[in-house]
Ligand SMILES: Nc1ncnc2c1ncn2[C@@H]1O[C@H](COP(=O)(O)OP(=O)(O)OP(=O)(O)O)[C@@H](O)[C@H]1O
């Protein structure tokens, strides 16, 4: 119908909605503290044209804003939920890795939200029990790494579609409420201050989801020792409990006293000849040379204080169980593999937790102070896609780096050995999730280690471990400043890049090249090192990217033979897989000037969806109801190799 001024009423409605969406976003922007001017292009015009976003961090569908993805942008202030209420199509919000503060935003005012990612900000305070009431579409809620306290809000247990809930790294107290949902695929409440029994409905979850809460008990953790007292018997049972505690404490005190006297006596008898612990598996396998032993060729004759010092690990994290090198040496050890630097060992501590010790010999050009300072710097890094460094051991000749053992192992194993292990190959949604997680981890490294020329420097599939949720964890990052430069070209991935091979230099875009090779490895299932070896033997297939270009260049349309058959790709995902393949190739651009920088690559990766036209950007668990009309290859995504 034609309206006044000859404009159709439909068009008026669209224009009006676009401008009111722009107004809402500008109002939202004005409520933020955008020190780094990250939202500079949020100024005029329309945020969306069709499915294309004009404004940074805005996700568009059919001319409307359906998502805000403002991660790692240095934003501060409180979230003004009321301004976002002016975005009727808004379904997903991610403000992860910023410095937002204040109480939990009242997101239930945005009742249609499907996913909310607020992890790694500075939100604080208690979250009211009814905060999520009525959010019947909410599937994913990530609040990890904030300063929330008080009880886990009970309204979370009433959400019928909740699939993922990440609350780790806060200060939540009290008991975990009874989640009755059958579809909760991922729950993480680790590293809070929770106590009491874990609800039976969560007994099948992985124990790491609950670790770091001293008071929690019950499956999958160890059984609760005493049932909580019922309210009617509370008075008398708490008296009984105090009595029992008092008796147990006195007995323990007496036992400790007897033990102390015994030890003191023994020490007096043997103080001149303290024996080193017998060589353990780890010692034998790794032939660790403890300082006193190497110098004298016999057990250390120095004081016990000095000996303890020799075994001392330096911890770079405060929140971890402390142990020393002797604990690791005593533990039974298993060799995980030998990489370019040396071997890595898994050692199980007495407490049950397993650690990985990696030996580095090619770090002896760096002085103790410099090494320590760099390790402390790495130890301050915290991101869901980084495996944290826990401790290190310094000796001039060799260094040991200690981190948690990751049960699932590496992406390399999943990509290249799953057949042999009798396990199914990774499917496309999981591979996409891995790429996105790796991109996030790299973005964080780029932000936190700006002075490093290649903030990762050693990105490859064996240095991407997979958590139980199959979320990737980067390891062996940030080591370039402490590696001997004369050995680096034999050891580190960054030094295998075209720019290093041609001009003996690495740049800020070198990690982009490694990411490109990793993406191609993930999509093709081919092991990149095989191609490098062929190249050295004079073949023209000098890296995986060249092979992809050759094979895909011969295909008219969908280059099926490029993609790993095991990925079980559905045709509704082909367009998005192709997009990612093209991103991988752009990363491998040999001319560094033409190669995208990390920021551009990450933005492009974030735009890749699981299915063509999918609306949930963390959609690896998207349910049937999310599947929108699928489409085949459009002109826009037809394969043409960007060179
Ligand atoms: N924390 C960990 N948890 C579980 N597996 C690990 C851990 N760290 C390393 N691994 C695995 O142990 C094996 C040996 O690792 P290592 O880091 O020594 O060598 P690499 O990654 O193959 O090569 P490089 O020395 O060049 O990094 C690899 O398969 C690696 O994925």
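Numbering (UniProt numbering), first residue to last: 1 to 643. Think of the CB as a built atom: it goes at the ideal place given N, C-alpha and C, for glycine as much as any other residue.
A heavy atom of ligand 1 is found nearer than 7 Å to the CB of residue 406. Rounded to the nearest whole angstrom, the C-alpha separation of residue 223 and residue 424 is 33 Å. Straight through space, the alpha carbons of residue 581 and residue 565 are spaced by roughly 15 Å. For the region 385-450, the full-length beta strand (DSSP E) segments reaching 3 residues or more read 389-394, 399-404 along the chain. DSSP, reduced to helix, strand and coil, places residue 513 within a helical segment of the structure shown.
Taking 7 Å as the cut-off, one finds no heavy atom of ligand 1 near enough to the beta carbon of residue 490. In the DSSP annotation of this structure, the continuous segment of the alpha helix (DSSP H) that includes residue 374 starts and ends at 368-379. The closest CA to that of residue 466, considering only 22, 457, 407, is found on 407. Its Cα nearest to that of residue 212, the residue 189 stands out among 189, 200, 205. Taking a C-beta distance under 8 Å as the contact criterion, residue 438 and residue 474 qualify as a contact pair.
For residue 330, the enclosing alpha helix (DSSP H) covers residues 325-330. Between the alpha carbons of residue 585 and residue 545 lies a distance of about 6 Å.
Short of 6 Å from the beta carbon of residue 419, and not among the five residues preceding or following it, lies no beta carbon of its own chain. Residue 380 is classed as exposed because its beta carbon has fewer than 16 other beta carbons within 10 Å across all chains shown. Close CB contacts of residue 413 within its chain, under the 6 Å cut and outside five residues either way in sequence, are absent. Contact between residue 153 and residue 119 does not hold, since their C-beta atoms are separated by about 16 Å, which reaches or exceeds 8 Å.
DSSP places residue 70 in no alpha helix (DSSP H); its state is neither H nor E. Residue 126 and residue 149 do touch by the CB rule: their CB atoms are close to 6 Å apart, below 8 Å.
One alpha carbon belongs to residue 397, the other to residue 99, and they sit about 41 Å apart.
Residue pairing by DSSP places residue 217 opposite 197 in a beta bridge. Per the DSSP secondary-structure output, residue 92 pairs in a beta bridge with 67, 115. Of the heavy atoms belonging to ligand 1, at least one sits nearer than 7 Å to the Cβ of residue 358. Taking 7 Å as the cut-off, the C-beta of residue 323 does not count as close to any heavy atom of ligand 1. Under the 10 Å beta carbon count, residue 476 is surrounded by 16 or more other beta carbons and is classified as buried. A contact between stretches requires three or more CB pairs, one per stretch, nearer than 8 Å, and the region 361-380 fails this requirement with the region 428-438. The region 357-365 makes no contact with the region 443-460; the number of CB pairs closer than 8 Å stays below 3. Nearest to residue 83 by C-alpha distance, out of 115, 159, 568, 110, is 110. Considering only 359, 435, 409, 387, the residue with the shortest C-alpha distance to residue 395 is 359. Considering only 349, 172, 192, the residue with the shortest C-alpha distance to residue 328 is 349.
Spatial neighbours of residue 551 in its own chain (CB-CB distance under 7 Å, excluding positions within 5 residues in sequence) are listed in chain order as 559, 561, 562. With a 10 Å radius around the Cβ and a threshold of 16 neighbouring Cβ atoms, residue 355 comes out buried. Cβ-Cβ separation between residue 198 and residue 216: approximately 6 Å, consistent with a contact (criterion under 8 Å). If you compare the alpha carbons of 442, 54, 86, 572 with that of residue 602, the shortest gap goes to 442. Counting other Cβ atoms within 10 Å of its Cβ, residue 225 stays below 16 and is therefore classed as exposed.
If you draw a straight line from the Cα of residue 500 to the Cα of residue 90, it comes to about 45 Å.
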